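S.K.: Let me give you the structure first, and then I'll get to my questions.
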Amino acid sequence: MAEEKIKFEKALERLEEIVGTLEGGDLELEKSLKMFEEGIKMARICQVHLSQAEKKIEKLVKDHKGELTTEPMEEAPTPEAEGESDDDVPF
Amino acid sequence: MGDLLDNPEKVFGVSELSGIVKELLEEAFPSIWVEGEVSKALDHPSGHLYLTLKENKDVLDATMWRSSRKNLKFKIETGMKILLKGRMSSYGPYGKYQLIAERIEPSGVGALQIKFEQLKKKLAAKGYFDENRKRPIPEYPETIGLVTSESGAAFRDMARILRRRNRTVKIILAPVLVEGEQAAGQIARAIADFNEYGKVDVIIAGRGGGSPESLWAFNEEAVADAIFNSKIPVISAVGHEIDFTIADFVSDLRASTPSAAAELAVKNRADLIYTVALLAKRGTSAVSSAIREQRQRLAGIVRRPLFTDPARFLEGGRRRLDDSLSQILAAVKSQAERRRTNLDALVRHLRYLRPSLTIRRRADHVKNLDERLVRRLYAILSEKKRALAGWSGPLNALSPMRVLERGYAIARTPSGGVVKDSSRVAVGDELELLLHKGRLGVVVNKKL
Chain A
77 MAEEKIKFEK ALERLEEIVG TLEGGDLELE KSLKMFEEGI KMARICQVHL SQAEKKIEKL
137 VKDHKGELTT EPMEEAPTPE AEGESDDDVP F
Chain B
286 MGDLLDNPEK VFGVSELSGI VKELLEEAFP SIWVEGEVSK ALDHPSGHLY LTLKENKDVL
346 DATMWRSSRK NLKFKIETGM KILLKGRMSS YGPYGKYQLI AERIEPSGVG ALQIKFEQLK
406 KKLAAKGYFD ENRKRPIPEY PETIGLVTSE SGAAFRDMAR ILRRRNRTVK IILAPVLVEG
466 EQAAGQIARA IADFNEYGKV DVIIAGRGGG SPESLWAFNE EAVADAIFNS KIPVISAVGH
526 EIDFTIADFV SDLRASTPSA AAELAVKNRA DLIYTVALLA KRGTSAVSSA IREQRQRLAG
586 IVRRPLFTDP ARFLEGGRRR LDDSLSQILA AVKSQAERRR TNLDALVRHL RYLRPSLTIR
646 RRADHVKNLD ERLVRRLYAI LSEKKRALAG WSGPLNALSP MRVLERGYAI ARTPSGGVVK
706 DSSRVAVGDE LELLLHKGRL GVVVNKKL
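In the order they appear, the protein sequences are chains A and B.
Under this note's numbering, the first residue of the first sequence is numbered 77, with each subsequent residue one higher.
Under this note's numbering, the first residue of the second sequence is numbered 286, with each subsequent residue one higher.
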């Protein structure tokens, strides 16, 4: 599976699993390092997901063929002011 | 009982009749709804509630026992129109019939309430509310479908909260009417549309708070069916904290308000960032400590004498070798020692046996015997000599030499035999004649 296609949830689950295994400490060093590498990859995938630009609010509509699709809303509610900065992913 | 009433001659006792009336009433009205206006209400200290309802000129007494009373959610006041559910009965001591109320609802929603109860019962029987059919709500949805009014506060609240919590979550609104005749159909349709569209992880269907009537669409069977048939998990979010709607019972998760639904649906992005960072850190430190551990093990190995001081290690080996050799030598030596001791013992024993001594003793003995023999021989000899000396005179006289002196000769054959008989020799035999002085060779020429 291409990295960018791994869903946030899957990546986070895998990361949790990897960390659990690494903390179990029953692994050979070489395997640990391999897992660690994968874990870092998963963390990066999570990071990519979390760093995405803000999504527009869309509306579910039917196109001229009657097929369901989405279109951006013209007057979307604005989010509250946030205290957090935009690039706060620490790795 | 019919028999009793059919008999016009029958005379009833008061208690008997009272009992029959009670029985008839209870049998005829085991569970009914009654609507009326409260004309009197007595909240008895015992916890029971005593009411008198009226309509036009008619009155009806009603009693709500403490056990049911405690579930009553509003205060009953005089003049209030209420809806009661219960059974008819009578009370002998007063000779009055009354309603034993189990539930009391404010009138107006009463009819809806009945409808609600009936639908709830029906759907429960169909398994709509079973916990084990509820779909799990995804923990990290990437797209959320909202089924609510585009112009309502509920939509604004949900959009605001969702985006505040995690701006990367995509929001898709399926705008619907949430009130009125068409509401239920539109809500049901929107849920079905999201399922058809597919690219939504979870659906939130709801609206802000309002009167029971205004929330009614969420109690409709169409909506219940749509939620039940949805493949996508549905969170119900009808703004009414206390009462549950049918949608609340069927949905996979019930939120008390749209805002609460938004909070439940999406985790805070900042928390997620922290979670991921923490996991990455834990992973790193787990691996670091694994590496450290290995390094320490290696260091421990390298610190051993074999590597730090191979000479000493060899020395140790050599010493062990020496020790082994010493041990072997000691073993050999002690073996030899033991054998020598054995030998010594044998030698000592042998010495004790003294073969040389024996030999010498025997030699001495032999020598002694020899000497004795010699001495004896000498003794014999000297005795014989003495005897011989005694005998020499006569012997001398008898000696052939002396005889020869006197002119006699001795004839001997060449073989040395002394010829004493002439018949023993023949003419022609050579003989030796031994004279006193010299010898003569002679031949026999004649026998005389």
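All C-beta atoms in this analysis are idealised placements derived from N, C-alpha and C, irrespective of residue type, glycine included.
Here the structure is a predicted model, which is why all the values come from computation and not from measurement.
Quick one: which chain B residues come within Cβ less than 7 Å of Glu82(A)?
M.R.: This sequence places Ile at residue 82(A); Glu is not what is there. Going along chain B, no residue has its Cβ under 7 Å from Ile82(A), so there is no contact; the nearest lies around 12 Å.
S.K.: Give a yes or no on whether the minimum CB-CB distance between Lys131(A) and chain B is below 9 Å.
M.R.: For Lys131(A), the answer is yes, since a Cβ of chain B falls inside 9 Å of its Cβ.
S.K.: In three-state DSSP terms, what is Lys455(B)?
M.R.: The answer is strand: DSSP assigns Lys455(B) an E or B state.
S.K.: Flag this pair as yes or no: are the beta carbons of Leu733(B) and Gly726(B) separated by less than 9 Å?
M.R.: No.
S.K.: Examine chain A for any beta-carbon lying closer than 9 Å to the beta-carbon of Gly585(B), and answer yes or no.
M.R.: False, the Cβ-Cβ gap to chain A never drops below 9 Å.
S.K.: DSSP three-state call for Tyr482(B): helix, strand or coil?
M.R.: If DSSP states are grouped into helix, strand and coil, Tyr482(B) belongs with the helices.
S.K.: Pull up the distance between the alpha-carbon of Thr542(B) and that of Phe503(B), whole angstroms please.
M.R.: Those two C-alpha atoms are separated by around 13 Å.
S.K.: So, with DSSP's three-state summary, where would you put Arg354(B)?
M.R.: In the structure shown, Arg354(B) sits in a helix (DSSP, three-state: H, G or I).
S.K.: Are the C-beta atoms of Met141(A) and some chain B residue less than 9 Å apart?
M.R.: The residue you asked about is not Met; residue 141(A) is Lys in the sequence shown. By this cut-off, Lys141(A) is not an interface position.
S.K.: Count the other CB atoms, across all protein chains shown, that sit within 10 Å of the CB of Gly425(B); report buried if there are 16 or more and exposed otherwise.
M.R.: Here residue 425(B) turns out to be Tyr, not Gly, going by the sequence shown. Tyr425(B) is buried by the Cβ-count criterion.
S.K.: By Cβ distance, which residues of its chain are closer than 7 Å to Ser707(B), with the 5 residues on each side in sequence left out?
M.R.: The answer, listed in chain order, is Lys732.
S.K.: Alpha carbon to alpha carbon, how far is Tyr413(B) from Phe513(B)? Give it in angstroms, no decimals.
M.R.: Roughly 6 Å separates the two Cα atoms.
S.K.: In chain A, which residues lie less than 7 Å from Leu567(B) when you measure between Cβ atoms?
M.R.: The residue you asked about is not Leu; residue 567(B) is Arg in the sequence shown. Ordered by position in chain A, the residues that pass the 7 Å Cβ test against Arg567(B) are Val95 and Glu99.
S.K.: If contact means a Cβ-Cβ distance below 7 Å, which residues of the stretch 448 to 476 of chain B contact chain A?
M.R.: Residues Arg448, Arg449, Arg452, Thr453, Val454, Lys455, Ile456, Ile457, Leu458, Ala459 and Pro460.
S.K.: Does the stretch 547 to 560 of chain B come into contact with the stretch 443 to 456 of chain B, if we say contact requires no fewer than three beta-carbon pairs (one atom in each stretch) closer than 8 Å?
M.R.: Touching, yes.
S.K.: Of the residues Glu113(A), Glu114(A), Glu106(A) and Ala119(A), which one's Cα is nearest the Cα of Leu88(A)?
M.R.: Of the listed residues, the one whose Cα sits closest to Leu88(A) is Ala119(A).
S.K.: Does the distance from the CB of Thr433(B) to the CB of Val463(B) come in under 9 Å?
M.R.: Their beta carbons are under 9 Å apart, which means Thr433(B) touches Val463(B) by this criterion.
S.K.: Can you check which of these residues, Ile317(B), Met349(B) and Val323(B), is closest to His329(B) by C-alpha distance?
M.R.: Ranking Ile317(B), Met349(B) and Val323(B) by Cα distance to His329(B) puts Met349(B) first.
S.K.: Helix, strand or coil for Ser609(B), going by three-state DSSP, please let me know.
M.R.: Helix at Ser609(B).
S.K.: With a CB to CB cut of under 6 Å and the five nearest residues on each side skipped, what residues in its chain are close to Ser353(B)?
M.R.: Closer than 6 Å at Cβ, skipping near neighbours: Glu387.
S.K.: From the DSSP output, read off the bridge partner residues of Pro148(A).
M.R.: The partner list for Pro148(A) (beta bridge, DSSP) reads Glu134(A).
S.K.: If you reduce the DSSP assignment to three classes, tell me which class Pro543(B) lands in.
M.R.: If DSSP states are grouped into helix, strand and coil, Pro543(B) belongs with the helices.
S.K.: To the nearest whole angstrom, what separates the beta carbons of Arg697(B) and Leu719(B), a pair I think is in contact under 8 Å?
M.R.: Confirmed, Cβ separation roughly 6 Å.
S.K.: Which residues in the same chain as Pro166(A) place their Cβ atom closer than 8 Å to its Cβ, once the five residues preceding and following it in sequence are excluded?
M.R.: Because Pro166(A) carries a pLDDT of 46, less than 50, the predicted location of this residue cannot be relied on, and no value is offered for it.
S.K.: With DSSP as the reference, please indicate the residues paired to Val296(B) in a beta bridge.
M.R.: For Val296(B), which the question treats as bridged, DSSP gives no partner whatsoever.
S.K.: Using a Cβ-Cβ distance under 9 Å, would Ala562(B) count as near chain A?
M.R.: Closer than 9 Å to some Cβ of chain A, the Cβ of Ala562(B) qualifies, so yes.
S.K.: Would you kindly work out how many angstroms separate the C-alpha atoms of Asp291(B) and Lys419(B), rounded to a whole number?
M.R.: Between Asp291(B) and Lys419(B), the C-alpha separation is close to 59 Å.
S.K.: Output, in sequence order along the chain, the residues in the stretch 413 to 426 of chain B whose CB is closer than 9 Å to any CB in chain A.
M.R.: The stretch 413 to 426 of chain B vs chain A, Cβ under 9 Å: Pro423, Glu424, Tyr425 and Pro426.
S.K.: Just tell me which of Ile82(A), Glu93(A) and Lys83(A) has its CA closest to the CA of Gly568(B).
M.R.: Here the closest residue by C-alpha is Glu93(A).
S.K.: Assess contact between the stretch 368 to 383 of chain B and the stretch 464 to 483 of chain B, defined as three or more Cβ pairs (one per stretch) separated by less than 8 Å. Is contact present?
M.R.: No, because fewer than three Cβ pairs between the stretch 368 to 383 of chain B and the stretch 464 to 483 of chain B fall closer than 8 Å, the two stretches do not touch.
S.K.: Establish whether the CB of Val760(B) and some CB of chain A are separated by less than 9 Å.
M.R.: With chain B covering only 286 through 733, there is no way to say anything about residue 760(B).
S.K.: Can you name the residues of chain A whose CB is closer than 9 Å to the CB of Ile576(B)?
M.R.: By Cβ distance, chain A contributes Leu105, Ser108 and Leu109.
S.K.: Leaving aside the five residues before and after Leu98(A) along the sequence, list all residues of the same chain whose C-beta is less than 8 Å from its C-beta, in chain order.
M.R.: Cβ neighbours of Leu98(A) beyond the five flanking positions: Ser108, Met111, Phe112 and Gly115.
S.K.: By Cβ distance below 6 Å, which residues in the same chain neighbour Ala460(B) in space, the five residues on each side in sequence not counted?
M.R.: First, the residue type needs correcting, since residue 460(B) is Pro and not Ala in the sequence shown. Excluding residues within five positions, the ones whose Cβ falls inside 6 Å are Glu435.
S.K.: Does Lys86(A) come out as helix, strand or coil in the three-state DSSP assignment?
M.R.: It is helical.
S.K.: Anyone know if the C-beta pair for Leu563(B) and Ile133(A) falls short of 9 Å?
M.R.: No, they are not a contact pair.
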